[in-house]
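The structure under discussion appears below in the form of structure tokens.
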Amino acid sequence: MSDSVAFFSEFRATDLLFLGEAAGRTLLISAVSISAGTVLGIVFGWAISASRFWGVMTIGTILDVFRSVPLIIQLVLFYNFFPIIGLNLDPFASGAVVLSIYTAALVAQVARGGIEAVGQPMRRAARSLGMSYWQDLRYVVWPIGLRAVFPAWVGVALSVVKDSALVSVLGYVELLRASQILITRTQEPFIILAAAGAFYFAISYPLSKYSQKLEERWAS
Amino acid sequence: MIEIKGLHKYFGELHVLKGIDLNVAKGEVLSVIGSSGSGKSTLLYCINGLESIQQGEVIVDGVSVHEKSTDINKLRQNLGMVFQQWNSFPHLTSLENVALAPRIVKGKSKSEALAIAEKQLRHVGLGDKLTNYPSALSGGQQQRLAIARALAMEPEYMLFDEATSALDPELVGEVLETMRMLAEEGMTMICVTHEMGFARDVSDRVAYFHQGIMEEIGPPEQIFGDAHSEHTRKFLANVR
Amino acid sequence: MDYNFHWRPVFKKLPDLLEAGLLTLEVAMLSMIIGIVIGLLLAISRMSGPKPLRIFATTWVELARNTPVLFQLFFFGFGLGAFGLHLSPYLIVLVGLSFNNAGYLAENFRGGFQAVPDTQLRAARSLGMTATQTYIRIIIPQVLRIVYHPMTNQMVWAVLMSSLGMLVGFRELSGETQFFASQTYRIFEYFAMTALIYYVIVKIVLGVSKLAARRLFRY
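Protein chains in written order, with my numbering: chain D, 1350 to 1569; chain A, 8 to 247; chain W, 8 to 226.
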């Protein structure tokens, strides 16, 4: 019996490579989305807190939609929407765009919290020293606000790493999709899933513990 | 009667009570004074079993508090306690605060428990606050609520742990007045307090605690007028 | 743009979609109820259980929080197949979401318990209440208030997470949508409608929670 006819086959060494590459894709799309989403989110958060009424009414409302609709629905929706407006994006690009906007919606909330954590008296004090608006943002709001919400941002970033698994619905072979493929072939669900789970855990657990430590240290 | 015999209490390495011997008779009002850290509050917690003890014995009406076989929850019904932080239950109205324990600990019917609660709240002058939540009450009112809550269990003894220390000065009076009323009704009371006026005017005996030792005990006139111990005199000179 | 939108087939299926939306709400709500009960037990175990129980609870909480929900669903879906255990799609989602909810809620509850002052416990015990009575009558009601807002958020998450049912063959709102979409190729229209339905469900959950809070917490 030749290898090619065997639908089910044993777990092979090359499969490890396959899983490894997929894990790399998980990290890649996460890194891209977290970076872009964070920058966007900070801008949105700043815009919302800078012009309370209009900020909340416009950007706030739109971002709220992204937090109130399942990510998987957003992914399918935009993947099918891009061609309609003439954009032909591959699964990675579509996934990265949607995941970035989704991240931005979460980060905007965090950023807004950070800016509001600084408080008016402090900002007035900064302005009274003759700092410009931008100097105040750069030298007062940024360092203080960052410290206030950095742990929350780590939480958002980690949730994006985990949520990136959903991009598999577009056919992007990240770690969980790769696991599924291997499971179908090898019929070894437990081992393969355990390996995939361990990968996410190994990233998420230490970082979340670290940010918890930071939070405790900074709180006291 | 409350009998305390050779009581020692440690918090880890810290020796908080160093051999206390003390009897409190029915109907007596005892004030316990001393600087913070002298072990006087811990004494109260040992009496109703909220703290364990390492040596000695506490006996309430012939029942040894720290004996394993003692039903501590039953015993505590007879020992009302009022705390420094008034500890009203924030999620219950005044009436519910007071009625809860009679209902679930003593097994009274709901209407019975509510009747008791209303009676006790009127007793401490909160008749017009029955349906208010604690958040709508002042500190003094909350402390009186706590007193009513303890009284609703119809205890024979009341333990007061610095009941007025956390209150704003203008609210101290109303709580002391309630305590004085209880004393006049013949309640047996042990009051850990910083209110020297109360200790002098209301109590039958005053005990001075110093570094885990009961330095001196006697009638108020003697403690405040003619203390035997150097420590007691120094303490009293400082608090005045 | 030469795409012609066709909304009519979507509107025709709207009653089916709304019914599937009810199924989504049902599974989310059930998973919350189970999650709250288990989450409370996990939190109490972590704080005052014997060591083996503490390790078990900690493992549960950390696994739920540090792996993707989809992974958790896959695990209950075909990971358990390794032990000959096969759950129905409905159960996969219910068990998976309950597992996840319990883990996140346990952490919220732990914070809630720590926020209730020790002195409340002392006051209750001094009245002769047993430890159990104190927990049920005094501590837990206060904890529930503290964690009410995070709990509402978790309910919203449960609604959103249940959409993963689509990937394990469960015909809740997303699964149903995918089924119709694949029949008609009107993928965009169907998913746009479904996005709207989710948005409305989430707003209803938040609104009901706000109203309930007004009745529940008068203090």
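Don't be surprised by glycine CBs; every beta carbon is placed ideally from N, CA and C.
Owing to the predicted nature of the structure, the values given are computational and were not obtained by experimental measurement.
With 8 Å as the threshold, decide whether the Cβ of residue i is near any Cβ in chain B.
i          : result
Val1425(D) : The chain inventory of the structure shown lacks chain B, comprising the protein chains D, A and W.
Taking Cβ-Cβ distances shorter than 8 Å, what residues in chain D pair up with residue i?
i         : result
Phe120(W) : Ordered by position in chain D, no residue passes the 8 Å Cβ test against Phe120(W), which lies about 17 Å from the chain.
Glu179(W) : Per Cβ cutoff of 8 Å: no residues; Glu179(W) is ~11 Å from chain D at best.
Starting from residue i, trace the alpha helix (DSSP H) both ways and give me its first and last residue.
i          : result
Ile204(W)  : 194 to 223
Ser1382(D) : 1362 to 1399
Ser189(W)  : 180 to 191
Met88(A)   : Counting along the chain, Met88(A) falls outside any alpha helix (DSSP H), though it belongs to the beta strand (DSSP E) covering 86 to 89.
Gly204(A)  : 203 to 209
Gly1494(D) : 1491 to 1512
Ile99(W)   : 96 to 122
Ser1443(D) : 1440 to 1467
Leu37(W)   : 21 to 55
Nearest-angstrom Cα distance between residue i and residue j?
i          : j          : result
Ser1449(D) : Phe90(W)   : 39 Å
Trp164(W)  : Leu1426(D) : 19 Å
Ala220(W)  : Gly19(A)   : 44 Å
Glu125(A)  : Ser52(W)   : 39 Å
Ile1408(D) : Leu1420(D) : 19 Å
Arg129(A)  : Leu166(A)  : 21 Å
Arg1496(D) : Ser71(A)   : 55 Å
Gly87(A)   : Arg132(W)  : 11 Å
Thr1410(D) : Lys1562(D) : 34 Å
Leu134(W)  : Gln149(A)  : 16 Å
Thr49(A)   : Gly34(A)   : 22 Å
Leu102(A)  : Lys136(A)  : 8 Å
Val1354(D) : Trp67(W)   : Model confidence at Val1354(D) stands at a pLDDT of 45, short of 50, so the residue's coordinates are unreliable; what they give is reported in the following sentence. Near 41 Å, if we compare the C-alpha coordinates of Trp67(W) and Val1354(D).
Leu1377(D) : Leu180(W)  : 31 Å
Gln79(W)   : Gly103(W)  : 6 Å
Gly1462(D) : Val1498(D) : 7 Å
Val1467(D) : His235(A)  : 59 Å
Arg1487(D) : Ala1454(D) : 22 Å
Arg15(W)   : Thr191(W)  : 11 Å
Just the chain W side, please: which residues come within less than 7 Å of residue i by C-beta, in chain order?
i          : result
Pro1500(D) : Correct list: empty, because the minimum Cβ distance to chain W is about 14 Å.
Phe1539(D) : Gly86, Ala89
Ala1545(D) : Phe78
Phe1430(D) : Phe195
So with CB distances below 7 Å, who are the chain A contacts of residue i?
i         : result
Ile145(W) : Phe96
Gln79(W)  : Residues of chain A passing the Cβ test: none, with the nearest at roughly 34 Å.
Pick from the options: whose alpha carbon is nearest that of residue i?
i          : options                                    : result
Gln149(W)  : Gly232(A), Gln148(A), Phe96(A)             : Phe96(A)
Ala1543(D) : Gly1504(D), Ile1493(D), Gln1529(D)         : Gln1529(D)
Ser38(W)   : Gln161(W), Tyr142(W), Pro124(W), Thr65(W)  : Gln161(W)
Val131(A)  : Met186(A), Met160(A), Leu57(A), Gly204(A)  : Met186(A)
Tyr140(A)  : Leu158(A), Pro162(A), Thr100(A)            : Thr100(A)
Met173(W)  : Glu183(W), Val166(W), Leu167(W)            : Glu183(W)
Ser1430(D) : Ile153(W), Tyr197(W), Asn107(W), Leu223(W) : Per the sequence shown, the amino acid found at residue 1430(D) is Phe instead of Ser. Nearest C-alpha to Phe1430(D): Tyr197(W).
Asn73(W)   : Phe1539(D), Gly1504(D), Thr1535(D)         : Gly1504(D)
Arg1473(D) : Leu1455(D), Val1489(D), Ala1453(D)         : Val1489(D)
Tyr1554(D) : Ala71(W), Leu32(W), Thr31(W), Gly28(W)     : Ala71(W)
Gly86(W)   : Arg1566(D), Ile1532(D), Tyr1428(D)         : Ile1532(D)
Ser76(A)   : Ala214(A), Leu107(A), Val105(A), Gly56(A)  : Gly56(A)
With respect to 7 Å, is the separation between the Cβ of residue i and the closest non-hydrogen atom of the ligand FAD below this value?
i         : result
Gly103(W) : Among the components modelled here there is no ligand, and therefore nothing to report on the ligand FAD.
Between which two residues does the beta strand (DSSP E) containing residue i stretch?
i          : result
Met196(A)  : 195 to 199
Gln229(A)  : Premise fails: Gln229(A) lies in the alpha helix (DSSP H), 227 to 232, not in any beta strand (DSSP E).
His238(A)  : Premise fails: His238(A) lies in the alpha helix (DSSP H), 237 to 246, not in any beta strand (DSSP E).
Ala214(A)  : 212 to 217
Tyr164(A)  : 164 to 168
Val72(A)   : First-last for Val72(A): undefined, no H or E at that position.
Gly13(A)   : 9 to 18
Glu64(A)   : 62 to 67
Val1518(D) : Careful: Val1518(D) lies outside any beta strand (DSSP E) and carries neither H nor E.
Can you name the residues of chain W whose CB is closer than 9 Å to the CB of residue i?
i          : result
Phe1441(D) : In chain order: nothing, as chain W lies at least about 18 Å away.
Leu1542(D) : Phe78, Phe81, Phe82, Phe85, Gly86, Ala89
Going along chain A in order, which residues have a C-beta closer than 9 Å to the C-beta of residue i?
i        : result
Pro57(W) : Residues of chain A passing the Cβ test: none, with the nearest at roughly 20 Å.
Note down, in chain order, every chain D residue with its Cβ under 9 Å from the Cβ of residue i.
i         : result
Leu171(W) : Pro1419, Ile1421, Leu1515
What does residue i touch in chain D if you count any residue whose Cβ is under 7 Å from its own?
i         : result
Thr201(W) : Ile1422
*Using a Cβ cut-off of 7 Å, which residues of the stretch 89 to 115 of chain A contact any Cβ in chain W, in chain order?*
Phe90, Gln92, Asn94, Phe96, Pro97, His98, Leu107, Ala108, Ile111, Val112
*Report the residues of the stretch 1547 to 1568 of chain D with a CB closer than 7 Å to any CB of chain W, ordered along the chain.*
Tyr1549, Phe1550, Ser1553, Tyr1554, Ser1557
*Between the stretch 16 to 41 of chain A and chain W, which residues of the former have a C-beta closer than 9 Å to a C-beta of the latter?*
none
*Residues of the stretch 128 to 141 of chain W with a CB closer than 8 Å to any CB of chain A: list them in chain order, please.*
Arg129, Ala130, Ala131, Arg132, Ser133, Leu134, Gly135, Met136, Thr137, Gln140
*Name, going along the chain, the residues of the stretch 145 to 162 of chain A whose beta-carbon falls closer than 8 Å to a beta-carbon of chain W.*
Ala153, Arg156, Ala157, Met160
_Positions along the stretch 97 to 108 of chain W whose CB lies within less than 8 Å of some CB in chain D_ = none
*Got a sec: which bits of the stretch 114 to 146 of chain A sit with their beta carbon under 9 Å from any beta carbon on chain W, in order along the chain?*
Tyr140, Pro141, Ser142, Ala143
*Could you list the residues in the stretch 53 to 68 of chain A with a C-beta less than 9 Å from some C-beta on chain W, going in chain order?*
Asn55, Gly56, Leu57
_Members of the stretch 73 to 87 of chain A near chain W, C-beta cut-off 9 Å_ = Ile79, Asn80, Lys81, Leu82, Arg83, Gln84, Asn85, Leu86, Gly87
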